[in-house]
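Step one of this worksheet: look at the structure below.
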Amino acid sequence: MIAEIGHFALVLALAVACVQAVVPLVGAERGERAWMDLAGPAAVAQLVLVGIAFAALTHAYVTSDFSLLNVAQNSHTDKPMLYKVSGVWGNHEGSLLLWITILALFGAAVTAFGGNLPPTLKARALAVQALITVGFLAFILFTSNPFERLDPPPMNGSGLNPLLQDPGLAFHPPFLYLGYVGFSMAFSFAIAALIEGKVDAAWARWVRPWTLAAWVFLTLGIALGSWWAYYELGWGGWWYWDPVENASFMPWLAGTALLHSAVVVEKRDALKSWTILLAIVTFGLSLLGTFLVRSGVITSVHAFASDPTRGVFILMLLVVAIGGSFMLYAVRAPALKTGGLFAPISREGALLLNNVLMATGAGTVLLGTLYPLFADALSLGKVSVGPPFFNSVFVPLMVPMVLAMGMGPLVSWKRGDLAGALARVKLAMAAALAAAIATWVMQGGSAGPWWAAGGIGLAVWLLLGTLTEIAERVRLFRAPLGDSMRRAANLPRAAWGMTLAHGGLAVLIAGMTASSAWKAESVQTMTIGETVTVAGYAFTLKAVRDVDGPNYLATEGTFEVAKDGKVFALVTPEKRTYRQPPRPTTEAAIVGTFLGDVYAVIGDAVPEGGWVTRLYFNPLVPWMWVGCLIMVAGGLVSLSDRRHRIGAPTRARAAAAQAAKA
Amino acid sequence: MRRLLLILACLTAFAGPAIAADPSEMLKDPALESRAQHLGKELRCLVCQSESIEDSNADLARDLRVIVRERIQSGESDDQVMQYVVDRYGDYVLLRPPFKASTLVLWVGPFALLLAGLAAAAAFYRRRTNAAPPPPPLSAEEKRRLEALLKDHPPS
Chain V
1 MIAEIGHFAL VLALAVACVQ AVVPLVGAER GERAWMDLAG PAAVAQLVLV GIAFAALTHA
61 YVTSDFSLLN VAQNSHTDKP MLYKVSGVWG NHEGSLLLWI TILALFGAAV TAFGGNLPPT
121 LKARALAVQA LITVGFLAFI LFTSNPFERL DPPPMNGSGL NPLLQDPGLA FHPPFLYLGY
181 VGFSMAFSFA IAALIEGKVD AAWARWVRPW TLAAWVFLTL GIALGSWWAY YELGWGGWWY
241 WDPVENASFM PWLAGTALLH SAVVVEKRDA LKSWTILLAI VTFGLSLLGT FLVRSGVITS
301 VHAFASDPTR GVFILMLLVV AIGGSFMLYA VRAPALKTGG LFAPISREGA LLLNNVLMAT
361 GAGTVLLGTL YPLFADALSL GKVSVGPPFF NSVFVPLMVP MVLAMGMGPL VSWKRGDLAG
421 ALARVKLAMA AALAAAIATW VMQGGSAGPW WAAGGIGLAV WLLLGTLTEI AERVRLFRAP
481 LGDSMRRAAN LPRAAWGMTL AHGGLAVLIA GMTASSAWKA ESVQTMTIGE TVTVAGYAFT
541 LKAVRDVDGP NYLATEGTFE VAKDGKVFAL VTPEKRTYRQ PPRPTTEAAI VGTFLGDVYA
601 VIGDAVPEGG WVTRLYFNPL VPWMWVGCLI MVAGGLVSLS DRRHRIGAPT RARAAAAQAA
661 KA
Chain D
1001 MRRLLLILAC LTAFAGPAIA ADPSEMLKDP ALESRAQHLG KELRCLVCQS ESIEDSNADL
1061 ARDLRVIVRE RIQSGESDDQ VMQYVVDRYG DYVLLRPPFK ASTLVLWVGP FALLLAGLAA
1121 AAAFYRRRTN AAPPPPPLSA EEKRRLEALL KDHPPS
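Going down the list, the sequences are from chains V and D.
Going by our numbering, 548 is the number at position 548 of the first sequence; the sequence numbering is gapless.
Heads up: take any position in the second sequence, counting from 1, add 1000, and you land on our numbering.
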């Protein structure tokens, strides 16, 4: 019964979305206030209805209602409660329902926080948002109904892929989707602005916080996914350039570019049509990511099911959404008035350079991800595009990006002075060079990879460049300390946000470089009492025992890890075999230190006696996670900026300004 | 049917999450083993989704790992080993696609994109400067008023 209520709520939500997609749009065109005002309550009603559906499915999972096909296929009574709940979105239908729930959440958020939006813009944005909802609700109802019944119901379910039975799954998809779907706000506002034919600083000030919020969520989602892969796949890799990872990375790159170009719109009233295009492209890439993962074009652990009708449906959705927006853009964008001027060497110029490089990066990842599909379709032969390609093309493209990033914030607005900015980063430049040379010497010259020194140098350059900028702003060491403190306190939060985000990237780059360059590993068969030393850490296999988990059996090894003769940690990696579905997983044991992760994995028993073990030292890996968290913190701090909280100038004030001008 | 087999093979590949290369297949000489791993990272596990043979647990990946190691041990150079594998499995096995007509767009594309982006930015600046000619010099009247203003309110 509860499942039917959920199903019915989804159908009702589709009806509401249809109304919300049409009435406010027409109302805005005709200037009918009552029609426009329908958008708000409709968005809230949608959230309630979709929320009911989501709760109904969650109820079915929690109570293990195997009369639902979806639950029977993806759950099991033995599964711990956390995975029963997170299992709701650990499958195709459920993850789509999560997508729609988050979409409804954002729509309702516009209603809640959009009190001072111009009414026509708000009505149009919510109508566009509803159009997306219509597409996805139709998709879920017609091709992927999570409430499909099964008769007769089986005694028990088939269980969830053990790889997904991990706390990481509970959080990785929701954050990723909050990011993906969050970009729909920028998209809806961009389409609304195109319909209105007006983009101004107030528009940018509206779009920025939403984009920033989406960016924060997506950053967190990607980092969580990477972290999950790092500890779950059992060999210490953290990024595979897998098409599914790329699918989340492309919107991140485009979204980052969008964040930066929106600054130029807000400050200089320029780059308007480019920013609108970026907003469309960013959400388009989010949709494409959903398509790639959901259609089964790409098989991986993420593609829970592949069904050609679903693929065709979502491809149509993609074509209509993206094609329609581009067409509207082509018609309306040329009419957007160009705004303020700025020189190539200026803060705006630096932001534009960021945009060129970020867009190229996103384009490269897109090309590499889709090329095998194109080559196949055009009968150019089967091509594989893997990590070696991306590492040798994408990474070099990001080098000028980081170089420019180190001093971009030091160039002044409108017309900058390159020589002056260069003079101010002399120290950072010298330190970066020194760090690169020191790295080269410490790794024993060509004994390590040649690019490691460059990576560390870039990280130091970016960190010091960023710190130089903030130090200048508070006049550190130039003014009395108390004065600097006061300036620091008075700086807008957005400035601190930028410093944190850029600094976090520097820490991340150091972590990525070190862990790729100097990973130490040792694979062998070990017997009880045997000791193997990796990067100065002596691992002694103390014991191996069988462990009976809630829904798995595990072989658990106990290693004593010693450094310089002193016992440093006792770790217990596991190799689990799940009962339903019967599949093994590895649970690596990881001890994080400042300089890196001590990482141990136990494998199968060997007939001659002993167990296969894989022992690693992964240098600076914790820095990557800390770097990502700093970036996220930067986004949050920036989001708390007063300007964002207040949003666009209120209508009353804008009207007053208009009157004053007249 | 072939498709189904592929999918099944992938599923079994996921069954053993990437505990590839077990110690028995590894070469005794660490220098040769490191060469083998280096080459293995460039080779695709043919039945998996973008996994290299070093990272995959599929049987086919294991066979390829063994082939690579046998070839290296028999004294072949890296290029010879790669050529041997490509001759048997085609370009599809290479995770870094070779540069040729069919991959021209892939390899040149990113740099063409970058150039196009930079050119568009340059055109943007040129258009903006042309579109906004420098303001005409001040007329005598304006100069007089400016001086008067400056005299009354000297810039601080």
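All C-beta atoms in this analysis are idealised placements derived from N, C-alpha and C, irrespective of residue type, glycine included.
What you are looking at is a predicted structure, and each value in this text was computed from that prediction instead of being measured.
Any C-beta of chain D under 7 angstroms from that of residue i
| i | result |
| --- | --- |
| V:Tyr-578 | no |
| V:Val-402 | no |
| V:Gln-524 | yes |
| V:Thr-364 | yes |
| V:Val-48 | no |
| V:Thr-360 | yes |
| V:Gly-137 | At residue 137 of chain V the sequence reads Leu, which differs from the Gly that was named. So no, V:Leu-137 is outside the interface. |
| V:Leu-367 | yes |
| V:Leu-422 | no |
| V:Leu-352 | yes |
| V:Val-393 | yes |
Residue-level contact to chain V via CB, residue i, 7 angstroms cutoff
| i | result |
| --- | --- |
| D:Glu-1033 | no |
| D:Arg-1044 | yes |
| D:Pro-1110 | yes |
| D:Leu-1104 | no |
| D:Pro-1137 | no |
Chain-ordered neighbours of residue i on chain V, where CB pairs are closer than 7 angstroms
| i | result |
| --- | --- |
| D:Asp-1091 | Gly-381, Val-383 |
| D:Pro-1097 | Val-383, Ser-384, Val-385, Phe-389 |
| D:Arg-1128 | Leu-341 |
| D:Leu-1094 | Ser-384 |
Within chain D, the residues that residue i reaches when beta carbons sit closer than 8 angstroms
| i | result |
| --- | --- |
| V:Val-356 | Leu-1114, Gly-1117, Leu-1118, Ala-1120, Ala-1121 |
| V:Leu-397 | Pro-1110, Leu-1114 |
Nearest residue (CA-CA) to residue i, options the options
| i | options | result |
| --- | --- | --- |
| V:Leu-121 | V:Gly-115, V:Phe-175, V:Phe-189, V:Ala-109 | V:Phe-189 |
| V:Trp-623 | V:Glu-232, V:Val-365, V:Val-507 | V:Val-507 |
| D:His-1038 | D:Arg-1069, D:Ala-1112, D:Gly-1090, D:Leu-1060 | D:Arg-1069 |
| V:Trp-89 | V:Trp-440, V:Ala-335, V:Pro-167, V:Val-331 | V:Pro-167 |
| V:Leu-370 | V:Gly-221, V:Asp-483, V:Gly-289, V:Leu-541 | V:Gly-289 |
| V:Leu-553 | V:Leu-541, V:Thr-533, V:Phe-539, V:Glu-574 | V:Glu-574 |
| V:Leu-233 | V:Gly-416, V:Val-601, V:Leu-141, V:Lys-382 | V:Val-601 |
| V:Thr-338 | V:Lys-198, V:Gly-609, V:Thr-593, V:Val-110 | V:Lys-198 |
| D:Gly-1090 | D:Leu-1150, D:Ala-1148, D:Cys-1045, D:Leu-1138 | D:Cys-1045 |
| V:Gly-182 | V:Ala-204, V:Pro-152, V:Leu-82, V:Phe-217 | V:Phe-217 |
| D:Leu-1114 | V:Thr-364, V:Ala-186, V:Asn-91 | V:Thr-364 |
| V:Val-319 | V:Leu-287, V:Thr-533, V:Ser-346, V:Ala-13 | V:Leu-287 |
| V:Lys-519 | V:Val-534, V:Gly-406, V:Thr-527 | V:Val-534 |
Proximal residues of chain D, C-beta to C-beta of residue i below 9 angstroms
| i | result |
| --- | --- |
| V:Pro-344 | Ala-1121, Ala-1122, Tyr-1125 |
| V:Gly-114 | Here the premise fails: no neighbours, minimum Cβ distance about 32 angstroms. |
| V:Tyr-371 | Pro-1097, Thr-1103, Val-1105, Leu-1106, Gly-1109 |
Under 9 angstroms by beta carbon: chain V residues contacting residue i
| i | result |
| --- | --- |
| D:Asp-1055 | Leu-233, Trp-235, Gly-237, Tyr-240 |
Between the CA atoms of residue j and residue i - distance to the nearest angstrom
| i | j | result |
| --- | --- | --- |
| V:Asp-546 | V:Thr-613 | 16 angstroms |
| V:Ser-86 | V:Thr-63 | 13 angstroms |
| V:Glu-93 | V:Leu-220 | 23 angstroms |
| V:Arg-486 | V:Tyr-180 | 38 angstroms |
| V:Thr-540 | V:Leu-373 | 48 angstroms |
| V:Arg-69 | V:Leu-164 | Going by the sequence as given, residue 69 of chain V is Leu instead of Arg. Distance between the alpha carbons of V:Leu-69 and V:Leu-164 is about 19 angstroms. |
| V:Gly-416 | D:Ala-1116 | 24 angstroms |
| D:Arg-1065 | V:Asp-604 | 19 angstroms |
| D:Arg-1128 | D:Ala-1121 | 11 angstroms |
| V:Val-356 | V:Ala-459 | 21 angstroms |
| V:Ala-109 | V:Val-637 | 20 angstroms |
| V:Phe-66 | V:Arg-294 | 24 angstroms |
Proximal chain V residues relative to residue i, where beta-carbon distance stays under 8 angstroms
| i | result |
| --- | --- |
| D:Met-1026 | Val-523 |
| D:Ser-1052 | Gly-386, Pro-387 |
Beta-bridge partners of residue i, as assigned by DSSP
| i | result |
| --- | --- |
| V:Phe-559 | V:Leu-541, V:Val-571 |
| V:Met-526 | V:Trp-611 |
| D:Ser-1052 | D:Arg-1044 |
| V:Asp-548 | V:Leu-553 |
| V:Ile-590 | V:Tyr-599 |
| V:Val-534 | V:Tyr-537 |
Interface residues of chain D facing residue i [CB-CB closer than 7 angstroms]
| i | result |
| --- | --- |
| V:Ala-375 | Ser-1102 |
Min CB distance residue i to chain C below 7 angstroms
| i | result |
| --- | --- |
| V:Leu-164 | Absent here is chain C; the protein component of the structure consists of chains V and D. |
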